[in-house]
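Chains X and S, in that order, are what the protein sequence lines are.
If you count by our numbering, then the first sequence holds residues 1 to 421, one letter each, in order.
If you count by our numbering, then the second sequence holds residues 422 to 585, one letter each, in order.
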Amino acid sequence: MDTPMTMTEKILAAHAGIDRVVPGELIKVNVDIALANDITAPLAIGVFNEIGKEEVFDPEKVALVADHFVPNKDIASAEQAKMMREFAMGKRVRHYYELAEGGIEHVIMPEKGLVMPGEVVIGADSHTCTYGALGAFASGVGSTDLGVILSTGKIWIKVPSTIKIQYEGKLKPWVGGKDLILFTLGKLGVEGANYKAVEFSGEVVRNLPMDHRFTMANMAVECGAKNGIFEVDEMIINYVSKVTGRSPKELRSDSGAGFEQVLTISVDNIEPQVAFPHSPDNVCPVSKVDNILLDQVFIGSCTNGRLDDLRIAAKILKGRSVAKGLRLIIIPGSSNIYKKAIQEGLIETLVEAGAVIGPPCCGPCLGGHMGVLASGERALSTSNRNFRGRMGHPDSEVYLANPALAAASAVLGRIGSPDEL
Amino acid sequence: MKLNGRVWKFNDNIDTDVIIPASFLNTSDREELGRHCFAYLRPDFTRNVKTGDIIVAGRNFGCGSSREHAPLALKEAGVRLIIAKSFARIFYRNAFNIGLPLLESEEVQDRVSEGDRISVDLLSGEITGGSLEKALFARPIPDFMMEIVRSGGLVKYIKEKGTF
Ligand code: SF4
Numbered sequence: 001m002d003t004p005m006t007m008t009e010k011i012l013a014a015h016a017g018i019d020r021v022v023p024g025e026l027i028k029v030n031v032d033i034a035l036a037n038d039i040t041a042p043l044a045i046g047v048f049n050e051i052g053k054e055e056v057f058d059p060e061k062v063a064l065v066a067d068h069f070v071p072n073k074d075i076a077s078a079e080q081a082k083m084m085r086e087f088a089m090g091k092r093v094r095h096y097y098e099l100a101e102g103g104i105e106h107v108i109m110p111e112k113g114l115v116m117p118g119e120v121v122i123g124a125d126s127h128t129c130t131y132g133a134l135g136a137f138a139s140g141v142g143s144t145d146l147g148v149i150l151s152t153g154k155i156w157i158k159v160p161s162t163i164k165i166q167y168e169g170k171l172k173p174w175v176g177g178k179d180l181i182l183f184t185l186g187k188l189g190v191e192g193a194n195y196k197a198v199e200f201s202g203e204v205v206r207n208l209p210m211d212h213r214f215t216m217a218n219m220a221v222e223c224g225a226k227n228g229i230f231e232v233d234e235m236i237i238n239y240v241s242k243v244t245g246r247s248p249k250e251l252r253s254d255s256g257a258g259f260e261q262v263l264t265i266s267v268d269n270i271e272p273q274v275a276f277p278h279s280p281d282n283v284c285p286v287s288k289v290d291n292i293l294l295d296q297v298f299i300g301s302c303t304n305g306r307l308d309d310l311r312i313a314a315k316i317l318k319g320r321s322v323a324k325g326l327r328l329i330i331i332p333g334s335s336n337i338y339k340k341a342i343q344e345g346l347i348e349t350l351v352e353a354g355a356v357i358g359p360p361c362c363g364p365c366l367g368g369h370m371g372v373l374a375s376g377e378r379a380l381s382t383s384n385r386n387f388r389g390r391m392g393h394p395d396s397e398v399y400l401a402n403p404a405l406a407a408a409s410a411v412l413g414r415i416g417s418p419d420e421l
Numbered sequence: 422m423k424l425n426g427r428v429w430k431f432n433d434n435i436d437t438d439v440i441i442p443a444s445f446l447n448t449s450d451r452e453e454l455g456r457h458c459f460a461y462l463r464p465d466f467t468r469n470v471k472t473g474d475i476i477v478a479g480r481n482f483g484c485g486s487s488r489e490h491a492p493l494a495l496k497e498a499g500v501r502l503i504i505a506k507s508f509a510r511i512f513y514r515n516a517f518n519i520g521l522p523l524l525e526s527e528e529v530q531d532r533v534s535e536g537d538r539i540s541v542d543l544l545s546g547e548i549t550g551g552s553l554e555k556a557l558f559a560r561p562i563p564d565f566m567m568e569i570v571r572s573g574g575l576v577k578y579i580k581e582k583g584t585f
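The structure is reproduced here in structure tokens:
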């Protein structure tokens with residue numbers, strides 16, 4: 001009989017061309033799609049040139065997305081973006097996206113059907129793990145690894161052991177994927193899954209909409225994980241077939257697969273979570289948060305810049321106004337989402353409430369541009385990281401929460417819940 | 422391979438945003454990156470760091486963003502080795518890939534002082550000197566990673582071998 005394997009092990013074995021793999025083993029893996037952005041691609045292109053290959057391993061399997069500093073914030077970043085654009089054109093890279101065609105890499109890759117369940121996706125961006133929500137093995141690397149992949153189509157990987165997390169029970173109002181992952185980070189800690197795979201399962205996630213699953217997989221790296229992954233169930237199959245017209249097969253871990261640890265989390269009492277500065281695992285339920293006044297609220301990013309997130313924000317902000325003196329910045333994660341939000345009337349609602357809408361890009365998430373914080377300022381953000389100085393001045397503070405809390409807090413002028421409105 | 426250098430001490434969870442803040446990521450010029458290493462956390466770092474210096478840190482060094490600019494900035498500034506209780510996964514790959522060796526040790530951070538001059542044998546993991554009364558041993562570097570370090574990084578390694 002075949003040895004039982006976890007999902008992650010199955011995908012890696014298939015891509016290494018071997019029957020089975022065991023955690024700890026170093027293997028060479030074929031990459032289905034390689035990804036980089038306007039910050040990481042220039043270094044990777046340098047590596048590619050140094051290796052000296054004429055062409056990329058497969059122009060159909062490379063995606064380059066300008067999202068971090070676009071529309072170009074200064075001359076230096078414009079040069080970086082230009083270098084990536086020229087490389088993409090010169091090497092006939094099939095999936096090159098910027099501005100109107102694009103958005104944030106981790107939002108548009110699934111949207112454009114570039115990731116299939118069971119595939120290996122490697123990106124020079126730590127939040128590449130987002131595509132685990134589609135049942136792919138997806139992991140972030142640095143630019144040298146990416147440059148080597150561009151040249152060879154391959155990467156070396158140490159097979160990770162898997163921590164399985166089962167979510168059981170019934171979700172409270174305003175609680176979604178963001179709260180589940182923040183709560184989980186609070187339990188595991190920022191290093192709790194370092195080098196490991198995290199498999200999200202249980203009845204709660206089986207019923208969780210795709211947008212919430214993307215949020216959870218996105219933040220797997222925040223506990224150090226190599227990848228986060230969901231079982232390929234009907235919901236994923238429906239999502240992928242709608243986008244691509246192809247119907248993927250179900251894929252799950254074998255019964256009897258060796259998990260390093262199985263953690264069961266009862267969700268019945270989980271409230272919306274708030275991560276305090278300066279670490280995403282520094283979480284607290286919203287009811288325990290004191291009077292924390294805010295200068296800025298940001299709704300967007302590859303964590304919570306999707307359509308469901310804008311819908312929740314609009315629902316809460318409809319007919320209400322942003323607190324005086326507070327800046328509410330909302331950035332749809334992609335042009336496509338932006339268009340849908342206009343069609344659904346969400347953008348009008350948000351603007352009437354006092355939000356400013358940014359063009360689809362990473363925006364203030366990484367403190368690059370479009371909403372950088374001054375010293376002593378405090379922001380609530382729906383993104384994934386609140387390290388010191390992440391959104392601007394080293395003496396500014398970033399709190400993380402879900403979009404419902406973010407919208408409510410923008411009205412309240414302090415961190416709070418929609419129930420207080 | 423023996424290294425000898427002065428110690429800079431850091432705490433747990435030093436993330437890549439503090440190693441090189443995003444506002445300096447609009448370039449891939451190595452020298453430029455090196456000039457802004459720890460720009461906000463330790464503004465004195467780039468003024469005083471010398472080639473050959475060693476960083477000694479706590480747990481989860483290099484967590485967060487995958488930016489290779491972080492190990493590049495450290496290397497360019499002069500850092501030749503980092504010893505930490507543990508490293509975040511992507512940083513670990515990136516550092517070896519650019520030829521900056523890392524050693525893992527639970528003890529070193531608790532036992533050496535800022536400014537100590539220590540000697541490190543990369544192969545055996547033996548660490549001596551400074552405030553250490555007796556030698557400490559870090560976990561040896563895996564063979565594959567050691568080969569990459571010997572070549573001076575993954576690109577040189579691939580060019581030497583023709584493959585990887
Ligand atoms: S939105 Fe933020 S976390 Fe996501 S890719 Fe952009 S900078 Fe990174």
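Ideal placement from N, C-alpha and C gives every residue a C-beta, glycine not left out.
Would you mind working out which of the options sits nearest residue i, comparing C-alpha positions?
i, options, result
"X:D295", "X:L373, X:N282, X:I11, X:N49", "X:L373"
"S:K506", "S:L462, S:L521, S:I476, S:V500", "S:I476"
"X:G113", "X:T264, X:A63, X:L99", "X:A63"
"X:T244", "X:H68, X:P394, X:I27, X:L134", "X:L134"
"X:I27", "X:C284, X:I316, X:V159", "X:V159"
"S:E489", "X:A88, X:P42, X:R320", "X:P42"
"S:V421", "S:R427, S:M422, S:L544", "With chain S running from 422 to 585 in the structure shown, residue 421 of chain S is simply not present."
"S:F508", "X:K61, X:V22, X:C223", "X:C223"
"S:D531", "S:G479, S:G546, S:G551", "S:G479"
"X:E54", "X:P117, X:A76, X:T152", "X:T152"
"X:V148", "X:L35, X:I75, X:T349", "X:L35"
"X:D2", "X:L146, X:A257, X:T382", "X:A257"
"X:E231", "X:P71, X:E203, X:M219, X:A76", "X:E203"
"S:N515", "S:F482, S:M422, S:S552", "S:F482"
"X:A404", "X:D419, X:V398, X:G325, X:M391", "X:D419"
"S:S552", "S:I562, S:R538, S:P563", "S:R538"
"X:P110", "X:A217, X:I75, X:C365", "X:A217"
"X:V205", "X:K196, X:I122, X:D179, X:G189", "X:D179"
"S:I504", "S:K496, S:P522, S:S487, S:R510", "S:P522"
"X:V221", "X:K242, X:I181, X:S287", "X:I181"
"X:G358", "X:R327, X:K91, X:A379, X:S126", "X:R327"
"X:F276", "X:L185, X:V322, X:L150", "X:L185"
"X:V286", "X:V398, X:Q273, X:M116", "X:Q273"
Please find out if some non-hydrogen atom of the ligand ZN comes closer than 7 Å to the beta-carbon of residue i.
i, result
"X:H369", "Ligands in the displayed structure: the ligand SF4; the ligand ZN is not one of them."
Please work out which residues of its chain come closer than 7 Å, Cβ to Cβ, to residue i, disregarding the five sequence neighbours upstream and downstream, and give them in chain order.
i, result
"S:G574", "N518, I519, G520"
"X:S143", "T40, L43, A44, V47, A124"
"X:G333", "G103, I104, V107, G300, C302, G305, R306, P360"
Go through its chain and collect everything with a Cβ distance to residue i's Cβ below 6 Å, but skip five positions before and after it.
i, result
"X:A88", "L64, Y96"
"X:L263", "I165"
"S:V470", "A498, G499"
"X:G118", "I11, L251"
"S:T549", "S540, A556"
Just checking my contact of residue i with residue j at CB under 8 Å: how many whole Å lie between their CB atoms?
i, j, result
"X:I292", "X:V175", "Going by Cβ atoms, the distance from X:I292 to X:V175 rounds to 20 Å, so no, they are not a contact pair."
"X:L317", "X:A353", "4 Å"
"S:R501", "S:D474", "7 Å"
"S:A494", "S:F512", "Their Cβ separation, rounded to whole angstroms, is 12 Å, which puts S:A494 and S:F512 out of contact at 8 Å."
"X:H212", "X:N386", "Not confirmed; about 20 Å, so no contact."
"S:R510", "X:N194", "6 Å"
"X:L400", "X:S381", "6 Å"
"X:T303", "X:M235", "Actually they are not in contact, since the Cβ atoms of X:T303 and X:M235 sit about 19 Å apart, beyond 8 Å."
Tell me which same chain residues have a C-beta within less than 8 Å of the C-beta of residue i, skipping the five on either side of it?
i, result
"S:E528", "L557"
"S:P442", "H457, A460, Y461"
"X:G376", "H393, D395, S396"
"X:R20", "D2, T3, M5, E9, A13"
Going by DSSP in three states, residue i sits in which element: helix, strand or coil?
i, result
"X:P285", "strand"
"X:A63", "strand"
"X:S381", "strand"
"X:Y96", "strand"
"X:D309", "helix"
"X:E234", "helix"
"S:C484", "strand"
"X:E168", "strand"
"X:V274", "strand"
"X:F183", "helix"
"S:D542", "strand"
"X:I33", "strand"
Closest Cβ-Cβ distance between residue i and chain B: below 8 Å?
i, result
"X:L134", "Annotation note: the requested chain B is absent from the structure, which comprises protein chains X and S."
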